[in-house]
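In our numbering, the protein residues as written are 3 to 430.
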Ligand SMILES: *Cc1c(COP(=O)(O)O)cnc(C)c1O
């Protein structure tokens with residue numbers, strides 16, 4: 003048994019400071035049980051907890067750390083920048099540099115705006131879509147997470163096309179009255195929504211590769227369908243690429259599938275481990291944003307120089323030849339290795355690029371939230387704690403996906419495969 007007494011002590015103390023002892027709910031380990039591990043340090047693909055236990059990390063801060071922890075180039079850039087001051091509230095050349103790096107390698111957007119989180123990027127993108135189209139309603143998919151934006155904290159009603167009900171206390175029903183919720187991978191539902199609310203829908207927002215409620219692969223055809231529907235109805239298509247941006251390809255899912263949304267949101271990887279988000283679109287759409295246009299959006303720490311330099315250092319490495327191919331090869335090696343030692347298919351692994359998801363299911367594919375069996379999470383819990391014992395750290399919930407970084411080595415992957423083998427024995 004690994005000892006985690008120091009983490010447990012820290013957690014007790016943390017509970018006196020923060021609701022549930024954490025500053026973001028899923029960190030609390032509620033869905034797998036037990037106490038969260040407090041992390042002291044990370045290097046490459048490994049992290050060490052407060053008791054000194056070492057783990058191979060597949061959470062990678064929930065996605066941002068595509069180069070692994072404490073990447074030397076990122077650290078050097080951050081160090082150099084911050085010695086000249088950490089924030090000015092005035093423009094810096096670093097904002098231009100990161101924007102140029104992104105825009106000159108991305109044919110889907112022409113201008114962007116930096117913000118400080120994924121939530122903020124999405125919130126601003128929704129406002130922009132409404133401002134540009136002069137329409138109020140927005141359409142989202144059940145099972146997609148877009149940050150804690152009021153109008154998107156919505157759970158589906160009982161019908162195919164419903165106005166959502168607020169899924170969080172503190173969000174008035176009147177705030178979500180303009181949010182239409184439909185199931186993923188369901189063309190009829192989208193068509194019905196457009197029929198019912200003709201000329202009223204400002205935008206459709208989707209995670210093109212939904213990865214916050216399992217990995218609900220939609221496929222290119224469904225996304226193309228959304229593109230066509232949006233164009234036909236003068237509705238903007240927003241790809242929320244906060245996870246998939248710079249992860250599935252440098253241009254995210256838009257690049258992978260070669261589909262042009264009207265607005266794209268970024269977060270996570272874009273900041274090299276610092277709080278950065280962005281939203282981008284055509285020059286025409288972006289011209290609606292203040293001070294050029296009348297859609298207001300601002301931020302004291304937006305385009306923060308330290309965060310910009312981390313983003314530049316990280317994304318420059320992502321642009322190296324074969325970066326994404328190598329990452330995918332590693333992921334395939336891991337997934338194939340685990341599949342090999344799992345002959346009775348107790349669980350399946352769904353994957354795309356360097357994102358993977360373990361699902362205890364008999365289904366060949368899972369494309370919508372309602373296909374996930376909540377009871378299967380009991381198995382994940384057993385596997386999760388067995389993996390921790392073997393030195394493997396995943397995000398603490400069966401609804402969360404895993405991420406590889408380019409710092410993961412073949413040795414890490416082999417150790418992970420044998421840890422799964424041990425875990426499987428505990429399950430059967
Ligand atoms: C993480 C995430 C967000 C929210 O980003 P934060 O930086 O946590 O605010 C929004 N959309 C998607 C798709 C995400 O994965």
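In this text, a Cβ means the ideal position worked out from N, Cα and C, and glycines have one as well.
* Can you tell me which of the three DSSP states residue 48 falls into? => strand
* **Unbroken stretches of the alpha helix (DSSP H), 4 residues or longer, contained in the stretch 20–97** => 74–84
* Would you mind stating whether residue 271 and residue 120 have Cβ atoms separated by less than 8 Å? => no
* Asked: Does the count of Cβ pairs from the stretch 40–48 and the stretch 399–412 closer than 8 Å reach three?
  -> yes
* To do: List the whole-angstrom C-beta distance separating residue 278 from residue 118, where the pair is believed to meet the contact cut-off of C-beta under 8 Å.
  => 7 Å
* Asked: Considering only residues of the stretch 188–212, which uninterrupted beta strand (DSSP E) runs meet the minimum length of 3 residues and lie entirely inside it, listed in chain order?
  -> 203–208
* Asked: What residues in its chain sit with their C-beta under 8 Å from that of residue 24, if we drop five residues either side in the sequence?
  -> 16, 30, 38
* **Local conformation of residue 376 per DSSP, three classes** => helix
* Consider the C-beta atom of residue 209 and the heavy atoms of ligand 1; say whether any pair is separated by less than 7 Å. => yes
* Asked: Rounded to whole angstroms, how far is the Cβ of residue 237 from the Cβ of residue 205, which I believe are closer than 8 Å?
  -> 6 Å
* Asked: Is any heavy atom in ligand 1 found nearer than 7 Å to the beta carbon of residue 404?
  -> no
* Going straight from the alpha carbon of residue 246 to that of residue 53, what length do you get? -> 33 Å
* May I ask you to check if the CB of residue 25 is nearer than 7 Å to at least one heavy atom of ligand 1? => no
* Mind checking whether the beta-carbon of residue 281 lies closer than 7 Å to any heavy atom of ligand 1? -> no
* Can residue 270 be considered in contact with ligand 1, in the sense that its beta carbon sits closer than 7 Å to one or more heavy atoms? -> yes
* **Assigned secondary structure, residue 167 (DSSP; H/G/I helix, E/B strand, else coil)** => strand
* Asked: Under 8 Å between the Cβ atoms of residue 216 and residue 361?
  -> yes
* Can you list, in chain order, the residues of its chain whose CB lies under 6 Å from that of residue 394, leaving out five sequence neighbours each side? -> 58, 418, 421
* Just how far apart, CA to CA, sit residue 208 and residue 122? -> 16 Å
* Could you say which of 183, 138, 222, 18 lies nearest to residue 156 if we only look at CA atoms? => 183
* Residues in its own chain within less than 8 Å of residue 9 by CB, not counting five upstream and five downstream? -> 37, 38, 39, 40, 51, 52, 53
* Asked: Which residue from 275, 171, 21, 425 puts its Cα closest to that of residue 72?
  -> 275
* Please name the residue or residues paired with residue 358 in a DSSP beta bridge. => 353, 404
* **Secondary structure of residue 109, DSSP reduced to three states** => coil
* Compute the beta-carbon to beta-carbon distance between residue 426 and residue 344, rounded to the nearest angstrom, for a pair I have assumed lies under 8 Å. => 6 Å
* **Spatial distance of residue 224 from residue 188 (CA atoms)** => 8 Å
* **residue 115 - partner residues in DSSP beta bridges** => 281
* Are there three or more Cβ pairs, one per stretch, closer than 8 Å when the stretch 194–203 is compared with the stretch 134–151? -> yes
* To do: Below 6 Å CB to CB, which residues in the same chain sit around residue 129 once its five sequence neighbours on both sides are set aside?
  => 297
* To do: Sort out for me which residues DSSP pairs residue 143 with in a bridge.
  => 184
* Asked: Are at least three pairs of beta-carbons, each pair with one atom in the stretch 317–325 and one in the stretch 247–255, less than 8 Å apart?
  -> yes
* To do: Could you check how far apart the C-beta atoms of residue 106 and residue 400 are, in whole angstroms? I think they sit under 8 Å.
  => Going by Cβ atoms, the distance from residue 106 to residue 400 rounds to 40 Å, so no, they are not a contact pair.
* **Spatial distance of residue 13 from residue 110 (CA atoms)** => 44 Å
* To do: Could you work out which residue in 135, 179, 303, 146 is closest to residue 214 when comparing CA atoms only?
  => 146
* When you compare each of 325, 328, 358, 326 to residue 341 by their alpha carbons, which one comes out closest? -> 358
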